[in-house]
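Trainee: Just so you know, we're using this note's numbering here: the sequence shown kicks off at 401 and counts up by one. Before we start, here is the structure in question, set down as structure tokens.
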Amino acid sequence: MQCCQFSSGTSTSAPARPHGPQPCLVGGQPCLVGGGSGSASGGGACASFPPPPAGLQPQPQPQLMQPPQQLAAGAVPTSMSTSMSAVAPPQRGPGPGGLDAGRSAAEIPAHMLLGVSLPYMREFARRHGYDADTPSHLVRELVLELTAPTLRSMAECLVEDRTKGGLPAVGIATLFVSHAHACSYHRMVDAVEAHFELHELDLARTFVWLDIFSVRQHSVDTEIGLIGLVEQRIGRVVMVLDPWDKPVCLTRVWCLFELVHSLQPSVELDLTVPAAERARFVNALHQDPGAMQAMLTNFDARNASASGDADREAILMVIAHYFGGILEDDDDGLEYFNQETRMAIRDALAGMSWSIM
């Protein structure tokens with residue numbers, strides 16, 4: 401039985417992974433991701449993942465966590481505001497742990513720690529005929545369809561797969577990527593590749609946490625509240641600026657929600673741009689250094705948008721309440737968040753500018 405309607409890459413009948421099995425922890429107990437035999441759609445998947453809902457599996461499997469939430473046939477989550485209660489801060493004001501103070505990484509289901517390899521991200525686009533203009537939200541819609549039979553994440557479906565080049569398609573995520581779904585998937589992957597090259601990351605050992613592939617798209621409402629814990633567990637967040645001078649990600653509240661969790665001492669924030677944007681960025685530094693400051697000045701969380709008003713209001717309320725602890729005013733809290741974000745982006749841009757010139 402196929403885990404998904406479509407499985408990309410080659411089967412793990414290929415030689416064993418060059419760097420051996422990768423450990424993950426579920427309830428403090430080790431398991432192997434991709435350490436078994438067979439395909440990602442077969443019995444070689446990590447035994448710590450919950451089995452598909454009843455009726456979607458040929459044989460019983462051990463259930464160590466709750467199965468994915470069963471949705472009515474054809475139902476698709478349309479609003480994620482109901483999940484915001486899971487991330488409401490326990491007290492006002494920034495402090496250790498940020499919005500997730502008092503919460504534990506043990507709350508993260510094993511499947512949400514999976515990431516995909518950069519070669520797989522490229523192969524997925526080629527296999528499905530995506531061009532440079534295909535937005536990421538259309539990729540998500542396809543993943544939603546492909547994973548409908550089991551309600552798993554795409555990464556779960558691929559734990560035993562390899563790319564055409566023989567590299568593992570999935571592993572424990574080591575890099576969290578924040579991006580705007582309205583932007584080009586191809587340009588996003590290009591920007592991630594630029595980050596790999598800039599930091600000389602190993603294609604065989606670096607796995608990207610991308611919401612499209614790492615989250616169970618049929619259970620978004622119940623998993624989105626764990627994003628902050630995931631970021632802190634991974635420890636490295638890279639935000640895709642496209643275009644660099646007017647980044648779409650800084651106008652979307654869900655990207656800001658991811659960004660606010662990266663403003664923690666335990667999380668390293670980096671920025672990346674597509675190759676075409678990198679050239680514009682360098683030219684702007686030479687011709688008009690003030691362009692960078694102008695971009696930062698124009699950023700304002702209060703102008704950010706979302707697909708639904710409920711999502712927008714819920715996220716801005718959480719951010720405002722949290723940062724408002726400094727000045728005891730929610731509107732001032734958003735401005736404080738603006739200042740912190742501008743400072744973080746300025747520092748990240750400064751570091752990036754030295755590296756790419």
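Think of the CB as a built atom: it goes at the ideal place given N, C-alpha and C, for glycine as much as any other residue. Note that the coordinates shown come from a computational prediction; the quantities given were computed from them, not determined experimentally.
1) Which one or two residues does DSSP pair with Phe576 in a beta bridge?
2) Let's test the definition: count the other Cβ atoms within 10 Å of the Cβ of His686 and tell me whether it reaches 16, buried, or not, exposed.
3) In angstroms with no decimal places, state the Cα-to-Cα distance between Val539 and Tyr722.
4) In terms of alpha-carbon separation, which member of Glu600, Trp644, Ala555 lies closest to Cys583?
5) Is DSSP giving Arg652 helix, strand or coil here?
6) Please state if the CB of Thr606 and the CB of Phe613 are separated by a distance shorter than 9 Å.
7) For Gly751, name the three-state secondary structure that DSSP assigns.
8) I'd like to check one pair, Val653 with His579: are the Cβ atoms closer than 9 Å?
9) By the three-class DSSP mapping on this structure, what secondary structure does Asp731 have?
10) Could you pull the DSSP bridge partners for Val516 from this structure?
11) Assign Asp670 to one of three DSSP states: helix, strand, or coil.
12) Since His537 is in the alpha helix (DSSP H), which residue starts that stretch and which ends it?
13) Looking at the structure shown, is Arg616 part of a helix, part of a strand, or coil, going by DSSP?
14) Three-state secondary structure (DSSP) at Arg527?
15) Going by the CB atoms, is the gap between Val543 and Leu575 shorter than 9 Å?
16) Exposed or buried, Asp747, counting other C-beta atoms within 10 Å across all chains shown (16 or more means buried)?
17) Can you give the Cα-Cα distance for Ala706 and Val570, rounded to whole angstroms?
18) As a quick exercise: from Ser666, Gln617, Leu650, pick the residue whose alpha carbon is nearest that of Gln632.
19) Between which two residues does the alpha helix (DSSP H) carrying Cys557 extend?
20) Mind reading off the beta-carbon distance from Glu556 to His511? Whole number of angstroms is fine, and I expect it under 8 Å.
21) Within its chain, find whatever has a CB closer than 8 Å to the CB of Gly529; leave out the 5 residues flanking it on each side and keep chain order.
22) According to DSSP, is Ser662 part of a helix, a strand, or is it coil?
23) Can you tell me whether Arg527 is buried or exposed? The criterion is at least 16 other CB atoms within 10 Å of its CB, across all chains shown.
24) Would you decide whether Glu623 is buried or exposed? Buried here means 16 or more other CB atoms lie within 10 Å of its CB.
25) Can at least three beta-carbon pairs, one atom from the region 706-717 and one from the region 667-675, be found at a separation below 8 Å?
26) Name the DSSP beta bridge partners of Ser584, please?
27) Give the straight-line distance between the Cα atoms of Leu716 and Gly566, rounded to the nearest whole angstrom.
28) When burial is assigned at 16 or more other CB atoms within 10 Å of the CB, is Asp590 buried or exposed?
29) Would Val718 and Val637 be called neighbours here (beta carbons separated by less than 9 Å)?
Mentor: Walking through what the data contain:
1) Trp609, Val637
2) exposed
3) 33 Å
4) Trp644
5) strand
6) no
7) helix
8) no
9) helix
10) Val570, Val608
11) strand
12) 536-546
13) coil
14) helix
15) no
16) exposed
17) 30 Å
18) Ser666
19) 554-557
20) 5 Å
21) none
22) helix
23) exposed
24) buried
25) no
26) Pro535
27) 44 Å
28) buried
29) no
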